[in-house]
Amino acid sequence: KAFKTLNVDIQGSLTVEDALVVDGTSEFSGDVTAESNLTVDNQLDVNGSADFDVTDFNVDASGEIKLESDHNSANPAIHIKAAAGIVKIEGTEGVEIHGPTEFKDDLLIKDSLILHGDVAEADEPDFIIKDDQGAILVNLNGSQSGMQAEITGDLTVPSGNIFTAPTLNCFM
Numbered sequence: 706k707a708f709k710t711l712n713v714d715i716q717g718s719l720t721v722e723d724a725l726v727v728d729g730t731s732e733f734s735g736d737v738t739a740e741s742n743l744t745v746d747n748q749l750d751v752n753g754s755a756d757f758d759v760t761d762f763n764v765d766a767s768g769e770i771k772l773e774s775d776h777n778s779a780n781p782a783i784h785i786k787a788a789a790g791i792v793k794i795e796g797t798e799g800v801e802i803h804g805p806t807e808f809k810d811d812l813l814i815k816d817s818l819i820l821h822g823d824v825a826e827a828d829e830p831d832f833i834i835k836d837d838q839g840a841i842l843v844n845l846n847g848s849q850s851g852m853q854a855e856i857t858g859d860l861t862v863p864s865g866n867i868f869t870a871p872t873l874n875c876f877m
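Under my numbering, think of the first position of the sequence shown as 706, with each following residue one higher.
This is the structure we're talking about:
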């Protein structure tokens with residue numbers, strides 16, 4: 706059964722009982738409602754905003770998934786929030802965070818925190834803990850010769866031991 710090309714300009718609403726197949730480029734100027742499934746076989750390009758009120762939202766991709774924004778203000782450009790439960794980000798080869806990162810509440814590390822520098826950045830990595838006024842409490846400052854630790858205030862070890870390398874330099 707051959708399909709015939711048809712150009713249609715609809716000024717009101719359109720109800721399709723079975724399937725609507727659009728082969729090529731289409732433009733919808735008003736609301737588009739899919740009461741069951743909406744399938745896009747190639748590329749979906751949304752200019753403007755999109756609002757999804759759904760129970761589950763799944764994205765399965767064989768390639769890269771990107772969320773990008775050019776929003777430039779004090780408010781977050783990309784905001785991910787769970788009203789209850791946790792937000793889980795995982796990767797089989799790890800998760801990389803680029804740029805300054807702020808955690809507003811506790812950060813619990815269940816396994817290891819590994820700091821390593823980039824080959825192009827010989828003085829890395831640095832790990833700094835500050836108080837709520839911005840004063841540095843702990844500064845682990847990496848360099849080509851090793852890691853320098855600066856601790857402001859008392860260091861308390863409730864139980865157990867502190868193990869050091871064969872050489873320990875203490876400056877007071």
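Where a beta carbon is used, it is the ideal one built from N, C-alpha and C, also for glycine.
Cross-strand partners of residue i (DSSP beta bridge)
{"i": "residue 831", "result": "846"}
{"i": "residue 791", "result": "None, per the DSSP bridge assignment."}
{"i": "residue 867", "result": "Partner(s): none; residue 867 has no beta bridge."}
{"i": "residue 856", "result": "843"}
Three-way DSSP call (helix, strand, coil) for residue i in this model
{"i": "residue 769", "result": "coil"}
{"i": "residue 724", "result": "coil"}
{"i": "residue 783", "result": "coil"}
{"i": "residue 819", "result": "coil"}
{"i": "residue 841", "result": "strand"}
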